[in-house]
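Protein chains: 2
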Amino acid sequence: MTEEVNSPSPSRRSVIGWGGVGLALGAAAAGGTAVVLTRSTDEDAPETAASGGAAVPFHGPHQAGIATAVPDRLHFAAFDVTTKDRAELVQLLKDWTAAAARLTAGHAVGEGAYGGQPEAPPDDTGEALGLKPSRLTLTIGFGPSLFDGRFGLKDKRPAALVDLPKFPGDNLDAARSGGDLCVQACADDPQVAVHAIRNLARIGFGKVAVRWSQLGFGKTSSTTPDAQTPRNLFGFKDGTRNIAGTDDASLDKHVWASEKDGAAWMAGGSYLVARRIRMNIETWDRTSLQEQEDVFGRDKGEGAAVGKSKEHDEPLLKAMLPTSHVRLAHPDSNSGARMLRRGYSFTDGTDGLGRLDAGLFFLAYQRDARDAFIPVQRNLARSDALNEYIQHVGSAHFAVPPGVRDKDDWWGRALFS
Amino acid sequence: MTEEVNSPSPSRRSVIGWGGVGLALGAAAAGGTAVVLTRSTDEDAPETAASGGAAVPFHGPHQAGIATAVPDRLHFAAFDVTTKDRAELVQLLKDWTAAAARLTAGHAVGEGAYGGQPEAPPDDTGEALGLKPSRLTLTIGFGPSLFDGRFGLKDKRPAALVDLPKFPGDNLDAARSGGDLCVQACADDPQVAVHAIRNLARIGFGKVAVRWSQLGFGKTSSTTPDAQTPRNLFGFKDGTRNIAGTDDASLDKHVWASEKDGAAWMAGGSYLVARRIRMNIETWDRTSLQEQEDVFGRDKGEGAAVGKSKEHDEPLLKAMLPTSHVRLAHPDSNSGARMLRRGYSFTDGTDGLGRLDAGLFFLAYQRDARDAFIPVQRNLARSDALNEYIQHVGSAHFAVPPGVRDKDDWWGRALFS
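Heads up: the sequence lines are chains Z and V, in that order. Just so we're aligned, residue 1 is where the first sequence starts under the UniProt record's numbering, counting upward by one. Just so we're aligned, residue 1 is where the second sequence starts under the UniProt record's numbering, counting upward by one.
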């Protein structure tokens, strides 16, 4: 399903206003569905080097940023809606959609950073001028609290959009959890991702406020499983068996919501679970290699499961310790449950005790968390040897609507219509 | 002075132990002084794309990470020394030097992440296995507090290593200021920079503790001024007139300390001022284009000074508002004072009011801050129109010793001998 297109990569500076953009978007839409455009087929090469300039089409049946290839940098923001006016919220979603189409194509917002009236603030904040599209994707989600009645959406809440249960060991910070809306920005260049979130927040001024945000500096999962699996901050490859962005059958079975699932407006969408997982780096770093390998159930070098020689060899679960992470997270230990993972490592400086505030910002897309994240996490929270070294400190659940079909469509149209 | 060398770029995984490294270091040392090795001469191309794999030589008369080209990612850490034992501190500096030589060459620390004894913690934490050297540089500095008498260094404190004065408008957080030691890690890949700081912190366990650290996601200055000047988070090009890494005369005059400056052990070193400058992004974003351009004294698009058409045209200071940033920071307004700037944009999530905790992590190298940062900042703090939109919230000053000459030399040898 992945299609290689040498997309035009206009400098963000070169196009001002809407004139040229209709064409660019038209060309991108004509290129096919919301699959990634990379400039290189060499997935083992650093993705930043191979494809820093490419644009990912914004329009399609699914939102980009789920099954599309995972660029190396993330800025994720959760918002509270502060307006009480449904029409104002709808207008914001339309404005965001228009801005997202421009930003992901590598253009500035509106009239640009220096093309408007001198006596008005520029439409775009300007720090991405001259930077390439950088495979930027912007993916919106709706949290359970959006359906609380303020906007007449109570009846539209999907049954799958449950409040996540409290798991053993959870130590959640409310200030880093939840949110009425979320936007996930992935890009090869962090400045491009940060610029996008900032400009959306700015467009939303007076209607939404950032509740929390998270930067990720290195992806820990890939949707191109033939590539080198990235390592997490414990130094291990994890998520080896991720769902591939080209595996339509698995995507349909495990990732994309269907009309039959109950909420018609979510057909072609997905459910995102976000967890901020703090890693006790210093404790881990004083643990023996043997213990580390036992905890994961893999060898550290190759990433092969216990008793196997290659990373992608199918693990023999019975040969592994019952508390090992690979065994407990494996689909065979969870009635076949699978998720598409797009997590990122984070480092947010140092805590008050001089320890690195670092870990994994876990992002997983699934058709229904009740059949995927929730049972898997119950299993892990109960028994995983890794629990000695990690703590879940933030949590959120979002209904991620289907893609924006064309330039008359907008984020959430089916929900609000 | 810049020399292009196609350096060997071993995978971090491929070399374990010290055997192969002596050769690699020897080759690098033979390549010349501490100038950058890039794989491409195209400075306008994204540096991550052009040169993600290259290694920068560790040995030379000056530390790398000052005049060498500026990669796009930063992890900076300040440490408190917790041991009271001078010999232990000296041994740590030797251990750090050995580790830094390996890390910057693209190798794992010691026996690697999975090459030692299974019953012992691995020497390396492993998350950079398989990643390229990524132009990693590691640059050490010594803060004023290191010379307080604990280690018999009182007489060695350079006169230039003053306690920075309090400037008008300063709102410094002690927890983000100062430090006995600092290490600046710059790299094309943030995972490589974070890995390096983490492993140095780990080697220092029980002897030093991280006091504060800062991640930077996008450089705001360049030491290759013919390249595109990067933009700061206000969307402007600043630091257009930075000192070039190839301009030996200016480096000798403004950046490198000399024996004649008083502290013989600092000859070939430099003085680093680090300031965490919070930008009031939301206020700025509601300011008119005209006001923004007046504040900087440049146009936003091209970056040209008032009345000029090109970014690099020499500004006519008298034509500019007396409060404009360019005019106040210009050497002609500061008795010719110049610094080599290597600052980075940062975003550390959101503050309690939903505002982006973002800004500029200002890093400037100079021969003597009393002739450079201090008078320039006095001038700016008094009059700069930009002060309405920024606040200095962290501050530190470090004596950055000369380079490590060869494999028998170590960070700070001249200071402790």
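Here a beta-carbon is modelled for each residue, glycine too, at the ideal position from N, C-alpha and C.
State yes or no: is the C-beta of Ala78/V within less than 7 Å of the C-beta of Arg211/V? Walking along the second sequence from the start, residue 78/V turns up at place 78. Walking along the second sequence from the start, residue 211/V turns up at place 211. Contact: yes.
Beta-carbon proximity check, Arg298/Z vs Val393/Z, cutoff 7 Å: Along the first sequence, one-based indexing puts residue 298/Z at 298. Along the first sequence, one-based indexing puts residue 393/Z at 393. Cβ distance not < 7 Å, so Arg298/Z and Val393/Z don't count as in contact.
In terms of residue numbering, what span does the beta strand (DSSP E) encompassing Val306/Z cover? Position 306 of the first sequence, counted from the start, is the residue given in the question as residue 306/Z. Careful: Val306/Z lies outside any beta strand (DSSP E) and carries neither H nor E.
Does the Cβ of Phe205/Z have 16 or more other Cβ atoms within 10 Å, making it buried, or fewer, making it exposed? By one-based count along the first sequence, residue 205/Z stands at place 205. Phe205/Z is exposed by the Cβ-count criterion.
Check whether the Cβ atoms of His325/Z and Leu251/Z lie closer than 7 Å to each other. To locate residue 325/Z, count along the first sequence from 1; it is residue 325. To locate residue 251/Z, count along the first sequence from 1; it is residue 251. Not closer than 7 Å, so no.
Starting from Thr137/V, trace the beta strand (DSSP E) in both directions and tell me its first and last residue. One-based indexing of the second sequence puts residue 137/V at position 137. Per DSSP, Thr137/V belongs to the beta strand (DSSP E) from 137 to 142.
Could you tell me the distance, in whole angstroms, from the CA atom of Pro322/V to the CA atom of Leu92/Z? Residue numbering aside, residue 322/V sits at position 322 when the second sequence is read from its first letter. Residue numbering aside, residue 92/Z sits at position 92 when the first sequence is read from its first letter. Going by the C-alpha atoms only, they are around 41 Å apart.
Since Thr347/V sits in a beta bridge, which residues does DSSP pair it with? Residue 347/V sits at position 347 when you count from the first residue of the second sequence. Paired residue(s): Ala358/V.
Going straight from the alpha carbon of Pro61/V to that of Val404/V, what length do you get? Reading the second sequence from its first residue, position 61 is the one you call residue 61/V. Reading the second sequence from its first residue, position 404 is the one you call residue 404/V. Distance between the alpha carbons of Pro61/V and Val404/V: 7 Å.
Please name the residues in the stretch 216 to 234 of chain V whose beta-carbon is closer than 8 Å to at least one beta-carbon of chain Z, in chain order. Phe217, Gly218, Gln228, Arg231, Asn232, Leu233, Phe234
Would you decide whether Pro57/V is buried or exposed? Buried here means 16 or more other CB atoms lie within 10 Å of its CB. In the second sequence, the residue the question calls residue 57/V occupies position 57. Classification of Pro57/V: buried, given that the 10 Å Cβ count is 16 or more.
Which residues in the same chain have their Cβ closer than 8 Å to the Cβ of Ala49/V, if we skip the five residues on either side of it in sequence? By 1-based counting over the second sequence, the position of residue 49/V is 49. Residue placement at Ala49/V is poorly supported in this model, since its pLDDT is 37, which falls under 50; the coordinates still yield a value, given next. Within the same chain, Ala49/V has no close Cβ partners at all.
Taking a contact to mean a Cβ-Cβ separation below 7 Å, would you say Ile203/Z touches His75/Z in this structure? Against the first sequence, residue 203/Z aligns to sequence position 203. Against the first sequence, residue 75/Z aligns to sequence position 75. In this structure, His75/Z does not lie closer than 7 Å to Ile203/Z by Cβ.
Cβ contact check for the stretch 101 to 121 of chain V and the stretch 144 to 163 of chain V: 3 or more pairs under 8 Å: Too few Cβ pairs lie closer than 8 Å, so no.
Of all Cβ atoms in chain V, is any one closer than 7 Å to the Cβ of Gln290/Z? Position 290 of the first sequence, counted from the first residue, corresponds to residue 290/Z. Chain V, which has a Cβ nearer than 7 Å to the Cβ of Gln290/Z, makes this yes.
Along chain V, which residues have their Cβ under 8 Å away from the Cβ of Gln214/Z? For this step, residue 214/Z is matched to residue 214 along the first sequence. Under the 8 Å cutoff, chain V gives Gly349.
Please report the straight-line C-alpha distance between Ala113/Z and Val273/Z, rounded to a whole angstrom. As a position in the first sequence, residue 113/Z is number 113, starting the count at 1. As a position in the first sequence, residue 273/Z is number 273, starting the count at 1. Their Cα atoms are separated by approximately 35 Å.
Phe398/Z, DSSP secondary structure in three states: The residue given as residue 398/Z occupies position 398 in the first sequence. Phe398/Z falls in the strand class under three-state DSSP.
Cβ shell of Leu340/Z (< 6 Å), same chain only, five flanking positions each side left out: Along the first sequence, one-based indexing puts residue 340/Z at 340. Answer for Leu340/Z: Ile243, Val255, Tyr365, listed in chain order.
Does the Cβ-Cβ distance between Gly268/V and Pro402/V come in under 7 Å? Within the second sequence, numbered from 1, the residue matching residue 268/V stands at position 268. Within the second sequence, numbered from 1, the residue matching residue 402/V stands at position 402. Yes.
Interface partners of Thr125/V on chain Z, CB under 9 Å: Taking the first residue of the second sequence as position 1, residue 125/V is located at position 125. Leu233, Phe234, Gly235, Ile281, Trp284, Asp285, listed in chain order.
Mind pulling the chain Z residues with CB within less than 7 Å of Pro118/V? Here residue 118/V is taken as the residue at index 118 of the second sequence, counted from 1. The contact set of Pro118/V on chain Z, defined by CB atoms closer than 7 Å, consists of Ser288, Leu289, Gln290 in chain order.
From the DSSP output, in three-state form, read off Gln117/Z for me. Along the first sequence, read from residue 1 onward, the residue named residue 117/Z stands at position 117. The answer is coil: DSSP assigns Gln117/Z none of H, G, I, E or B.
What residues from chain Z crowd round Lys300/V, counting only those whose CB sits closer than 8 Å? Taking the second sequence and counting its residues from 1, the one referred to as residue 300/V is at position 300. Residues of chain Z passing the Cβ test: Ala113, Tyr114, Pro122, Gly126.
Using a Cβ cut-off of 7 Å (strictly closer), state whether Gln377/V contacts chain Z. Here residue 377/V is taken as the residue at index 377 of the second sequence, counted from 1. No, Gln377/V does not count as interfacial toward chain Z.
Assess, as a yes-or-no matter, whether the stretch 374 to 391 of chain V is touched by the stretch 216 to 224 of chain Z under the definition of 3 or more beta carbon pairs within less than 8 Å. no
If you follow the beta strand (DSSP E) that Trp284/V is in, where does it begin and where does it stop? The sequence position of residue 284/V within the second sequence is 284, counting from 1. No beta strand (DSSP E) contains Trp284/V, which is instead part of the alpha helix (DSSP H) from 281 to 284.
Report the residue from Leu415/Z, Glu119/Z, Leu215/Z whose alpha carbon sits nearest the alpha carbon of Ala264/Z. Here residue 264/Z refers to the residue found at position 264 of the first sequence. The shortest C-alpha separation from Ala264/Z is found at Leu415/Z.
Buried versus exposed call for Arg286/Z [16 or more other C-beta atoms within 10 Å across all chains shown]: Here the question's residue 286/Z lines up with position 286 in the first sequence. With fewer than 16 Cβ atoms within 10 Å of its Cβ, Arg286/Z is classed as exposed.
DSSP beta-bridge partners of Val194/V: Counting from 1 along the second sequence, the entry for residue 194/V is found at position 194. According to DSSP, which records beta bridges pairwise, Val194/V is partnered with nothing at all.
Using a Cβ cut-off of 7 Å (strictly closer), state whether Ala209/Z contacts chain V. On the first sequence, position 209 is the one that residue 209/Z refers to. Closer than 7 Å: yes.
Do the stretch 124 to 142 of chain Z and the stretch 188 to 197 of chain Z make contact, defined as three or more Cβ pairs closer than 8 Å? yes
In three-state terms, what does DSSP make of Pro57/Z? Residue numbering aside, residue 57/Z sits at position 57 when the first sequence is read from its first letter. In the three-state reduction of the DSSP assignment, Pro57/Z falls in the coil class.
Taking 7 Å as the CB-CB limit, is Leu37/V close to chain Z? Along the second sequence, read from residue 1 onward, the residue named residue 37/V stands at position 37. For Leu37/V, the pLDDT reaches just 27, beneath the cut-off of 50, and the residue's location in the model is therefore unreliable, although a value from the coordinates is still provided. Closer than 7 Å: no.
Distance, Cα to Cα, Val192/Z vs Phe236/V? One-based indexing of the first sequence puts residue 192/Z at position 192. One-based indexing of the second sequence puts residue 236/V at position 236. Taking the straight line from one Cα to the other gives about 15 Å.
Does DSSP classify Val81/Z as helix, strand or coil? Translated into positions along the first sequence, residue 81/Z becomes position 81. Reduced to three states, the DSSP call for Val81/Z is strand.
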